[in-house]
Amino acid sequence: MNLNVALTLLLLTLMCGAGVISAAYGFAIGREALRGITQPDIRPVNTMAGRRTSLPRRQEVILLKEQDIIKSVKTQIQGSDKTSDENGSRNKSLSGKVNPDKPASDSQAGLPLSSSDRGVTLEVTSVRQRGDSLQLDVKLQNDGEQPVRLLYSSLSVTDDQGRVLSANTEGLPTELSPQSKAISGTINISAASLENTAKLSIALTDDPNQQLQLQISGIPVVR
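Okay, here's the thing in structure tokens:
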């Protein structure tokens, strides 16, 4: 009986020793595995501090003086007015290039000039420079009882030096009916051929008899 008790106690002792040894070994292994790992700091104070450091700093609000603001606004207004004036001047210069027509000048004081023959009247009402041409604004009217055909191919244009100039007509009729109203048109002359020319003369006749003689001289040249 004593032998059985002794064996039982021996086995219990061995089992306890083995358990202690196993526990110690397991603790050592776990400690080695967790070396270098620390527990996170979850304290409220530290958490708020970390958040504050991670948030970007707000930009500081810069307050301007009232005088500085007024001065800046005045500068901008003056700059915009100057730009508007420059644009206006530029637009005026461009509009002058796009529309090169020159208005009637004081040199046209002698106008209108007219010539009548056999009831037909030729009148020069104004002279203007349009682009590269000198434009004579003319009117034709037939107060007679017979229709009149006009021969524009024989239209003669000469300067005050006796030179014959090339010209073409626009808007003028080839035939005037009896008792007709005044019909307006133009006679165009190249401005390049008018160098040193102050006065012009024109002559027009009828077709086919060429009995009609319409002649106007002293027409001023506008530049």
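When we follow the working numbering, the leftmost residue of the sequence shown carries the number 64, and every step to the right adds one. Built from N, CA and C at the ideal position, the CB exists for glycine as well.
Quick one: is Gly159 buried, meaning 16 or more other Cβ sit within 10 Å of its Cβ, or exposed?
Confidence at Gly159 is low in this model, with a pLDDT of 49, below 50, so its placement is unreliable and the value that follows should be read with caution. By the neighbour-count rule (16 or more Cβ atoms within 10 Å), Gly159 is not buried but exposed.
Tell whether a beta-carbon distance below 9 Å holds between Ser264 and Ile252.
no
Report the rounded CA-to-CA distance for Leu214 versus Leu197, giving the unit in angstroms.
21 Å
Measure the alpha-carbon distance for Ile228 versus Ser256 and round it to whole angstroms.
Residue 228 is actually Leu in this sequence, not Ile. Between Leu228 and Ser256, the C-alpha separation is close to 7 Å.
Three-state secondary structure (DSSP) at Glu208?
coil
Spatial neighbours of Val211 in its chain, beta-carbon cut-off 6 Å, leaving aside the 5 residues before and after:
Val183, Asn205, Leu239 and Asp269
For Gln198, name the three-state secondary structure that DSSP assigns.
strand
Please classify Leu228: does DSSP put it in a helix, a strand, or coil?
strand
DSSP state of Asn272, grouped into three classes?
coil
Check Glu186 in the structure and name its three-state DSSP category.
strand
Would Ile140 be called buried (16 or more neighbouring beta carbons within 10 Å of its own) or exposed?
exposed
Taking the DSSP output, what are the residues bridged to Pro283?
Lys262
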